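Chemist: Here's a structure for you.
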Amino acid sequence: MCGIIGYVGKRTDAGVLAVQSLKRLEYRGYDSWGVACKTKDGVIIRKDIGKISTVDSADFQQPSSLAMAHTRWATHGGVTTENAHPHVSCDGKIVVVLNGIIENYEALRDELKTKGHEFVSSTDTEVIPHLIEEEMKTEPDFAAAVRRACLRFEGRYGIVAMHADSFLLVAARTGSPLIVGVEKDGYFIASDTPAFLEYTSTVQYLDDGEMVVTDGNSILFSDIATGEERTKREIEITWSVTEAHKGEYDHFMLKEIMEQKQSIARAVDQDEDQIQTLARAIHAAQGTFLVGCGTAAKACMAAEYFFSVIAGHHVNFAPASEFKLYHRFLKPESLLIAVSQSGETADTLEAMKIAKSKGAKVLAIVNAEGSTIAREADFTLHIKAGPERAVASTKALTGQMAVLLLIAYAMIDKLPKGRTRLLETAAAINDMLNPRYTEFIETIAERIQESSDLYIIGKGWNYPMALESAIKIQEVSYVHAEGFAGGELKHGPIALIEKGTPCIALVGNDEVRTDIISNAIELKARGGFIVGIAPERHAVFDEWIRVPDVDTAQAIVNIIPVQVLAYFLAVKRGKDPDMPRNLAKSVTVK
Ligand code: F6R
-18 MCGIIGYVGK RTDAGVLAVQ SLKRLEYRGY DSWGVACKTK DGVIIRKDIG KISTVDSADF
42 QQPSSLAMAH TRWATHGGVT TENAHPHVSC DGKIVVVLNG IIENYEALRD ELKTKGHEFV
102 SSTDTEVIPH LIEEEMKTEP DFAAAVRRAC LRFEGRYGIV AMHADSFLLV AARTGSPLIV
162 GVEKDGYFIA SDTPAFLEYT STVQYLDDGE MVVTDGNSIL FSDIATGEER TKREIEITWS
222 VTEAHKGEYD HFMLKEIMEQ KQSIARAVDQ DEDQIQTLAR AIHAAQGTFL VGCGTAAKAC
282 MAAEYFFSVI AGHHVNFAPA SEFKLYHRFL KPESLLIAVS QSGETADTLE AMKIAKSKGA
342 KVLAIVNAEG STIAREADFT LHIKAGPERA VASTKALTGQ MAVLLLIAYA MIDKLPKGRT
402 RLLETAAAIN DMLNPRYTEF IETIAERIQE SSDLYIIGKG WNYPMALESA IKIQEVSYVH
462 AEGFAGGELK HGPIALIEKG TPCIALVGND EVRTDIISNA IELKARGGFI VGIAPERHAV
522 FDEWIRVPDV DTAQAIVNII PVQVLAYFLA VKRGKDPDMP RNLAKSVTVK
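By our numbering, the letter at position 382 of the sequence shown is numbered 363, and the numbering carries on one by one without gaps.
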């Protein structure tokens, strides 16, 4: 979704800094960008469609100590320069960027038009500077006028605003994340920490319904509704700057796939007492529901199998976006497990809200420290994957599955066994992900790169991985890919198989092995070109990608070669795997 960075303080290169910081938010996905910086000649604004990476930060070299910048992921209004942020008031002095949606913008725009305001874009955002301008007619204090304007907005938003005649950065949040980065002589306000991690790792989190005003020397948090001051702790985040760089890799996606050599072991490093407490909470709950979106949802689906096979315990999975209909099953004794990499996904937050409204408890499994989901849950487990910058989720997925598998073992009082299983898996992945292995997968990508369709089958915990495989391939390579439960093939999808259609079979040495091999044979009989991802070779495989035999953790290793395959498919087809079209890293709208 949209990326925001603002800076105010003693630095004199705020314009350059804003552009550089914005480049670090590119991974969030966007279609246009804009920068505003206050200089001795007034506020300079530049905006355009396309990529910020092509912009030379030297263009913003004029001395400046107050600036903000934005990458836009279009919601209201097409991808045009006029619609790019920042947007300004009629006098051009009030400058605003927004992440989120102002739902009542049409009514506000009509009202402001009758008062003489002129609009140049078709965005919801543009009503914000005009409404602040209108409020300033009776409340000349800029920050107070921003607060008054916020009281009239409906929707979920994160706003950052500045005024040409003041040296203030003002921000407000309802629904979309905003984080303050604290430096000795200045403050950053950003939608995500990588924007300022280069400069500081000390942060303060804005909560929903709060605003913040800073002149670079001091900062004031307050409640938007009441105006009351709020005190905030300074928190040190542990993500390092190097983790947020590509290093030796061409793309973040490949770097993050490779990091699974270490990240799974980090995910396993959880406080024993906390995991046992959570396992007891799941036992005691009258109904446990697992929710997430996209890839995180596939981790939840896999966990249904973990809990069933390992712990003999029934849990219910629902995509977070469908959870609204589940409210009838919730009661104070229910438990919701919300799984999210970013910790900011709007649908997952909504599911938490529904559960809480029924008195149910919420356990969050997240990657992003200090994220909204992490802070709003009753208990939080961090998967410790480190920053995930590629839009396509890879190491976060396997971290989420590792934590869920660990909990399943804790439910049968076998936490040490679960930990050993996962640490052995991490070691096996370390051996597996060597250069010869990835080169071999690259040759398979080369062979199938021209195919227009690709199918993936799995059974048991490999079924959600088949669905996840399809997401991975679709989003980065734009090849039409679909995942199926192997047994479902003959009920329809098999009609799609023609001579040479690439089909991937995800296989484990488990109780469903014979069935999934039979399904692969059915595909081959219709001409399918079978790529088997399995611990053992089988005659049905035209190509065999070997994976270690890791028992209950098989789903975790089986998905990794598909991630590599998706990556190479994207690269071979000339697509940028880190920034797939139409997608955003953190989906903060419903
Ligand atoms: C796909 C992908 C998305 C996310 C989904 C949820 O590769 O990354 O499907 O998994 O948007 O995001 P989080 O985990 O941040 O809640």
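Ideal Cβ positions, reconstructed from N, Cα and C, are used throughout, including at glycine. Since we're looking at a predicted model, the values are computed, not measured.
Measure the Cβ-Cβ separation of L330 and G156 and say whether it is below 9 Å.
Modeler: Taking the sequence shown and counting its residues from 1, the one referred to as residue 330 is at position 349. Taking the sequence shown and counting its residues from 1, the one referred to as residue 156 is at position 175. Yes. Within cutoff.
Chemist: Check the DSSP bridge columns for H363 and list the partner residues they point to.
Modeler: Position 382 of the sequence shown, counting from 1, holds the residue named residue 363. Looking at the DSSP assignment, H363 forms a beta bridge with V347.
Chemist: Following the continuous alpha helix (DSSP H) through N539, name the residue where it begins and the one where it ends.
Modeler: Taking the first residue of the sequence shown as 1, we reach residue 539 at position 558. Where N539 is concerned, the enclosing alpha helix (DSSP H) stretches over 535 to 553.
Chemist: What residues in its chain sit with their C-beta under 8 Å from that of L132, if we drop five residues either side in the sequence?
Modeler: Taking the sequence shown and counting its residues from 1, one reaches residue 132 at position 151. Closer than 8 Å at the Cβ level, and outside the excluded window around L132, lie I205, A206.
Chemist: If distances are taken between C-alpha atoms only, which option among L378, E217, A265, G464 comes closest to P366?
Modeler: Position 385 of the sequence shown, counted from the first residue, corresponds to residue 366. Checking the sequence, you will find Ala at residue 366 rather than Pro. It is L378 whose Cα lies nearest to the Cα of A366.
Chemist: Alpha carbons only, please: which of K505, E503, G481, E517 is nearest the one belonging to G489?
Modeler: Taking the first residue of the sequence shown as 1, we reach residue 489 at position 508. Of the candidates K505, E503, G481, E517, the one whose C-alpha sits nearest the C-alpha of G489 is E517.
Chemist: Quick check: the region 550 to 558 against the region 442 to 461, are at least 3 beta-carbon pairs closer than 8 Å?
Modeler: yes
Chemist: Below 9 Å between beta carbons: does that hold for Y286 and G441?
Modeler: Numbered from 1 along the sequence shown, position 305 holds the residue referred to as residue 286. Numbered from 1 along the sequence shown, position 460 holds the residue referred to as residue 441. In contact: Y286 and G441 (Cβ atoms closer than 9 Å).
Chemist: Put V127 into one of helix, strand or coil per three-state DSSP.
Modeler: Numbered from its first residue, the sequence shown carries residue 127 at position 146. Here V127 sits in helix by DSSP.
Chemist: Using 8 Å as the cut-off, classify the Cβ of Q241 as near or not near the heavy atoms of the ligand F6R, replying yes or no.
Modeler: Here residue 241 refers to the residue found at position 260 when the sequence shown is read from its first residue. No.
Chemist: What three-state label does DSSP hand I475 in the structure shown?
Modeler: One-based indexing of the sequence shown puts residue 475 at position 494. The answer is helix: DSSP assigns I475 an H, G or I state.
Chemist: Do the region 188 to 199 and the region 145 to 156 meet, that is, are 3 or more Cβ pairs less than 8 Å apart?
Modeler: yes
Chemist: Collect the residues with a C-beta less than 5 Å away from any heavy atom of the ligand F6R and give them in sequence order along the chain.
Modeler: C274, G275, T276, A277, S321, Q322, S323, T326, A373, S374, V568
Chemist: Which residue wins for smallest C-alpha separation from G(-13), given the options A50, I497, S38?
Modeler: Translated into positions along the sequence shown, residue -13 becomes position 6. Of the candidates A50, I497, S38, the one whose C-alpha sits nearest the C-alpha of G(-13) is A50.
Chemist: Along the chain, which unbroken stretches of the alpha helix (DSSP H) at least 4 residues long are found entirely within the region 426 to 468?
Modeler: Within the region 426 to 468, the complete alpha helix (DSSP H) runs of at least 4 residues are 443 to 458.
Chemist: So what's T183 in DSSP terms, helix, strand or just coil?
Modeler: Residue numbering aside, residue 183 sits at position 202 when the sequence shown is read from its first letter. Strand, per DSSP.
Chemist: On the three-state DSSP scale, how would you describe V290?
Modeler: Working through the sequence shown from its first residue, we reach residue 290 at position 309. Looking at V290 - three-state DSSP - the assignment turns out to be helix.
Chemist: Below 8 Å, how does it come out for the region 253 to 272 and the region 378 to 398: are there three or more Cβ pairs, yes or no?
Modeler: yes
Chemist: When burial is assigned at 16 or more other CB atoms within 10 Å of the CB, is R417 buried or exposed?
Modeler: Counted from its first residue, the sequence shown places residue 417 at position 436. The residue is exposed, with fewer than 16 neighbouring Cβ atoms inside 10 Å.
Chemist: Count the other CB atoms, across all protein chains shown, that sit within 10 Å of the CB of V543; report buried if there are 16 or more and exposed otherwise.
Modeler: Counted from its first residue, the sequence shown places residue 543 at position 562. The residue in question, V543, is buried, as its Cβ has 16 or more Cβ neighbours within 10 Å.
Chemist: At 3 residues or longer, and completely inside the region 65 to 91: list those beta strand (DSSP E) runs for me, N to C.
Modeler: 75 to 83
Chemist: With DSSP collapsed to three states, give me the class of G(-4).
Modeler: Within the sequence shown, the letter at position 15 stands for residue -4. The answer is helix: DSSP assigns G(-4) an H, G or I state.
Chemist: Using CA coordinates, which residue listed in A547, F360, G351, C281 is at the minimum distance from R185?
Modeler: Residue 185 sits at position 204 when you count from the first residue of the sequence shown. A small correction: the amino acid at residue 185 is Gln; Arg does not occupy that position in the sequence shown. Distance from the Cα of Q185 is smallest, within the candidate group A547, F360, G351, C281, for G351.
Chemist: Just verifying my parser: in three-state terms, what is the DSSP assignment at Y11?
Modeler: Numbered from 1 along the sequence shown, position 30 holds the residue referred to as residue 11. Coil at Y11, not helix or strand.
Chemist: Please state if the CB of S102 and the CB of P35 are separated by a distance shorter than 9 Å.
Modeler: Residue numbering aside, residue 35 sits at position 54 when the sequence shown is read from its first letter. Residue numbering aside, residue 102 sits at position 121 when the sequence shown is read from its first letter. First, the amino acid is wrong: residue 35 is Thr here, not Pro. Taking 9 Å as the Cβ cut-off, T35 and S102 do not qualify as a contacting pair.
Chemist: Here's a check: name, in chain order, each residue in its chain whose Cβ is nearer than 6 Å to the Cβ of L448, leaving out the five neighbours to either side.
Modeler: Start at 1 with the first residue of the sequence shown, and residue 448 comes out as number 467. Same-chain partners within the cutoff: K279, G464.
Chemist: Quick one: Cα of G509 to Cα of P474, how far?
Modeler: Translated into the one-based positions of the sequence shown, residue 509 becomes position 528. Translated into the one-based positions of the sequence shown, residue 474 becomes position 493. Whole-angstrom Cα-Cα distance: 12 Å.
Chemist: Since H232 is in the alpha helix (DSSP H), which residue starts that stretch and which ends it?
Modeler: To locate residue 232, count along the sequence shown from 1; it is residue 251. Neither: H232 is in no alpha helix (DSSP H) and is coded neither H nor E.
Chemist: Measure the C-alpha to C-alpha separation of A520 and L470 and round it to an integer number of angstroms.
Modeler: For the purposes of this step, residue 520 is identified with residue 539 of the sequence shown, where counting begins at 1. For the purposes of this step, residue 470 is identified with residue 489 of the sequence shown, where counting begins at 1. Answer to the nearest angstrom: the Cα atoms are 20 Å apart.
Chemist: Quick check: the Cα distance between A332 and A39, rounded to an integer number of angstroms?
Modeler: Counting from one through the sequence shown, the residue named residue 332 turns up at place 351. Counting from one through the sequence shown, the residue named residue 39 turns up at place 58. The alpha-carbon atoms of A332 and A39 are separated by roughly 45 Å.
Chemist: One question on the structure: do I200 and Y168 come within less than 9 Å of each other, judged by their Cβ atoms?
Modeler: Walking along the sequence shown from the start, residue 200 turns up at place 219. Walking along the sequence shown from the start, residue 168 turns up at place 187. Result yes, Cβ atoms of I200 and Y168 sit closer than 9 Å.
Chemist: Using the three-state DSSP reduction, which class does E115 fall into: helix, strand or coil?
Modeler: The count along the sequence shown starts at 1 and reaches residue 115 at position 134. It is helical.
Chemist: Decide yes or no for the touch test of the region 170 to 185 against the region 114 to 122: beta carbon pairs closer than 8 Å, at least 3 of them.
Modeler: no
Chemist: Just verifying my parser: in three-state terms, what is the DSSP assignment at L275?
Modeler: One-based indexing of the sequence shown puts residue 275 at position 294. It should be noted that the sequence gives Gly, not Leu, for residue 275. It is helical.
Chemist: For E63, I'd like the list of residues in its chain whose CB is within less than 6 Å of its CB, leaving aside the five on either flank, ordered along the chain.
Modeler: The residue given as residue 63 occupies position 82 in the sequence shown. If we look at E63 and ignore the five residues flanking it on each side, its Cβ neighbours are V101, S102.
Chemist: Is the beta carbon of G15 closer than 9 Å to that of V572?
Modeler: Nothing in the structure corresponds to residue 572, since the chain is present only between -18 and 571.
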